[in-house]
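Trainee: A single structure is presented below for examination.
Numbering (the numbering used here), first residue to last: 14 to 338.
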C-alpha cells in the first residue's frame with residue numbers, strides 16, 4: 014500500500030514539474046519576444062519567402078510517382094509508382110551522367126575547396142592594409158559577374174581567334190576552339206569556377222581568422238615560434254571548425270552541379286564529358302516536356318545528396334570535429 018501511495022504522490026509532482034517547465038519556457042519566449050520584437054518582425058518576411066518558394070512547391074514531388082498531365086493537374090494524374098525511377102536506371106546515359114557529375118564535383122572539391130582557404134591564410138599574413146584591401150576587392154569582383162556573362166567571356170577567350178589562342182600561338186602552338194576539346198572542358202570549368210568564387214568564399218574564413226585569440230600569437234612569438242609555425246599550430250586549428258562545417262555542406266552538394274554553366278559551355282563534341290544530372294533533368298524535364306521523368310531524376314539526386322550530407326556529418330563527428338547537427 015505504501016508503494017502505491019508513493020506512486021500516486023509522484024504522478025502529481027511530475028505533472029506540476031512539467032507544467033512549471035512549460036510555463037517557464039513560454040514565459041521566457043514571451044520575454045524574449047518583447048525584448049527582440051524588431052528582430053522577430055525582420056525574420057517574418059524571410060519565413061514567408063521560404064514557405065512560398067521552398068516549402069509550398071514541395072507537393073509537386075508527387076508528379077515523380079504519377080503520369081503527370083497538365084490538363085489533369087497533380088492530384089488527378091494517374092499513379093505509376095516507381096516507373097520513372099526504373100526508367101532512369103535503365104537509361105543508357107545514366108551511369109555516364111553520374112560519372113560526369115562526380116568527376117566535376119570531385120575536381121571542384123579537390124582544387125576549388127582549398128583555394129579560398131589558402132587565399133584567406135595568405136591575406137591573414139599580409140601586414141600592409143592597403144595591399145590587403147586591394148587584393149580583396151579584386152578577388153571579390155568576379156563573384157558579382159553573372160554566370161551568363163562569365164560564360165560569354167570564356168566562349169570569347171576560348172574561340173579560335175580568342176585571347177587564349179593568341180597566347181598559345183605565341184608559344185608555338187596551333188589555334189583551335191578550346192571548348193570543343195573534351196580534354197580541356199574540365200580544366201576550363203574548374204579554373205573559371207575558382208576564379209569566380211575564390212574571393213567571395215574566402216570572406217567566411219577571414220571572419221573565422223579574426224575570431225582567433227591574438228594572445229596565442231603573442232605567446233607563440235615569446236616562445237620563439239616562426240610565422241609558419243604559428244600558422245600550423247594556431248591559425249589552422251582555429252580555422253578547422255569552420256572548414257569542417259563547410260566541407261560537410263560541400264560534400265552534401267556533390268551531385269548538385271549547376272546546369273546553367275554546363276548548358277552555356279558544353280558543345281556537341283563535349284557531351285560525353287560535360288553532360289551532368291542537372292543538365293539532363295533540364296533537357297528531358299523542361300525542353301522535352303517529360304515533367305514526371307525529370308522530377309523523378311531530380312528527386313533521386315536530392316535523396317542521394319541528403320545521404321551524402323548525413324554520412325559526411327557523421328564522419329566529421331567521429332574524427333573529432335564539429336558537425337552541423
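Each residue gets a CB set at the ideal place from its N, CA and C atoms; glycine is no exception.
At which residue ranges does the segment 36-100 contain complete alpha helix (DSSP H) runs of 4 or more residues, listed in the order of the chain?
Mentor: 50-63, 86-89
Trainee: How many whole angstroms separate the CB atoms of residue 329 and residue 261, which I take to be in contact at a CB cut-off of 8 Å?
Mentor: As a first step, residue 329 must be located in the chain shown, where it is residue number 316. As a first step, residue 261 must be located in the chain shown, where it is residue number 248. Residue 329 to residue 261, Cβ: 6 Å. Contact.
Trainee: How many angstroms separate the CA atom of residue 163 from the CA atom of residue 228?
Mentor: Within the chain shown, numbered from 1, the residue matching residue 163 stands at position 150. Within the chain shown, numbered from 1, the residue matching residue 228 stands at position 215. Distance between the alpha carbons of residue 163 and residue 228 is about 43 Å.
Trainee: Please confirm whether residue 236 has its beta-carbon closer than 7 Å to some beta-carbon of chain C.
Mentor: In the structure shown, chain C does not exist; there is a single protein chain.
Trainee: Out of 166, 203, 209, point me to the one whose CA is closest to residue 155's CA.
Mentor: Along the chain shown, read from residue 1 onward, the residue named residue 155 stands at position 142. When only C-alpha atoms are compared, the closest one is 209.
Trainee: Could you check which residue in 231, 242, 218 has the C-alpha nearest to that of residue 253?
Mentor: Within the chain shown, numbered from 1, the residue matching residue 253 stands at position 240. Out of 231, 242, 218, 218 has the C-alpha closest to the C-alpha of residue 253.
Trainee: To the nearest angstrom, how far is it from the Cα of residue 184 to the Cα of residue 198?
Mentor: Indexing the chain shown from 1 puts residue 184 at position 171. Indexing the chain shown from 1 puts residue 198 at position 185. Taking the straight line from one Cα to the other gives about 21 Å.
Trainee: According to DSSP, simplified to helix, strand and coil, what is residue 248?
Mentor: If you number the chain shown from 1, residue 248 lands on position 235. In the structure shown, residue 248 sits in a helix (DSSP, three-state: H, G or I).
Trainee: Okay, do the segment 282-294 and the segment 267-274 touch, 3+ Cβ pairs below 8 Å being the bar?
Mentor: yes
Trainee: Determine whether the beta carbon atoms of residue 267 and residue 323 lie at a separation below 7 Å.
Mentor: Your numbering for residue 267 matches position 254 in the chain shown. Your numbering for residue 323 matches position 310 in the chain shown. Contact: no.
Trainee: State whether the segment 86-102 contacts the segment 298-308, with contact taken as three or more CB pairs (one from each stretch) at a distance under 8 Å.
Mentor: yes
Trainee: With a Cβ-Cβ cutoff of 7 Å, do residue 90 and residue 97 count as a contact?
Mentor: Counting from one through the chain shown, the residue named residue 90 turns up at place 77. Counting from one through the chain shown, the residue named residue 97 turns up at place 84. Taking the C-beta atoms as reference points, residue 97 is found no nearer than 7 Å to residue 90.
Trainee: Just to check my reading of the structure: residue 256 and residue 130 have Cβ atoms closer than 8 Å, yes? What is that Cβ distance to the nearest angstrom?
Mentor: Working through the chain shown from its first residue, we reach residue 256 at position 243. Working through the chain shown from its first residue, we reach residue 130 at position 117. Right, their Cβ atoms sit about 7 Å apart.
Trainee: Between the C-alpha atoms of residue 33 and residue 65, what's the straight-line distance to the nearest angstrom?
Mentor: Stepping through the chain shown from its first residue, residue 33 is reached at position 20. Stepping through the chain shown from its first residue, residue 65 is reached at position 52. Model confidence at residue 33 stands at a pLDDT of 49, short of 50, so the residue's coordinates are unreliable; what they give is reported in the following sentence. In a straight line, the C-alpha of residue 33 is about 37 Å away from that of residue 65.
Trainee: Could you round the C-beta distance between residue 215 and residue 133 to whole angstroms and report it? I think they count as a contact, below 8 Å.
Mentor: Here the question's residue 215 lines up with position 202 in the chain shown. Here the question's residue 133 lines up with position 120 in the chain shown. Separation of the CB atoms of residue 215 and residue 133 is rounded to 4 Å, and the pair is thereby assigned contact status at 8 Å.
Trainee: Could you say which of 194, 145, 59 lies nearest to residue 168 if we only look at CA atoms?
Mentor: Against the chain shown, residue 168 aligns to sequence position 155. Looking at the Cα atoms, 194 is the closest of the given residues.
Trainee: Measure the beta-carbon distance from residue 117 to residue 246 and round it to whole angstroms, keeping in mind my assumption that it falls under 8 Å.
Mentor: Locating residue 117 in the chain shown gives position 104, counting from the first residue. Locating residue 246 in the chain shown gives position 233, counting from the first residue. Not quite, the Cβ-Cβ distance comes to about 35 Å (not below 8 Å), so this is no contact.
Trainee: Once the 5 residues before and after residue 75 are set aside, which same chain residues still bring their CB inside 7 Å of it?
Mentor: Sequence index remark: in the chain shown, residue 75 carries index 62 (1-based). The answer, listed in chain order, is 87.
Trainee: When you compare each of 192, 327, 95, 175 to residue 258 by their alpha carbons, which one comes out closest?
Mentor: For the purposes of this step, residue 258 is taken as the residue at position 245 of the chain shown. Considering only alpha carbons, the answer is 327.
Trainee: Would you identify the three-state DSSP class for residue 190, choosing helix, strand or coil?
Mentor: Indexing the chain shown from 1 puts residue 190 at position 177. Note: residue 190 maps to coil in three-state DSSP.
Trainee: Please state the DSSP three-state secondary structure of residue 197.
Mentor: Here the question's residue 197 lines up with position 184 in the chain shown. DSSP places residue 197 in the helix class (H, G or I) of the three-state scheme.
Trainee: Can you say whether residue 56 is buried or exposed, counting buried as having 16 or more other CB atoms within 10 angstroms of its CB?
Mentor: Here residue 56 refers to the residue found at position 43 of the chain shown. Its Cβ having fewer than 16 others within 10 Å, residue 56 is exposed.
Trainee: Quick one: is residue 110 buried, meaning 16 or more other Cβ sit within 10 Å of its Cβ, or exposed?
Mentor: For this step, residue 110 is matched to residue 97 along the chain shown. Label assigned to residue 110: buried.
Trainee: Check residue 303 in the structure and name its three-state DSSP category.
Mentor: For the purposes of this step, residue 303 is taken as the residue at position 290 of the chain shown. Residue 303 falls in the coil class under three-state DSSP.
Trainee: Just how far apart, CA to CA, sit residue 123 and residue 83?
Mentor: As a position in the chain shown, residue 123 is number 110, starting the count at 1. As a position in the chain shown, residue 83 is number 70, starting the count at 1. One C-alpha to the other measures close to 43 Å.
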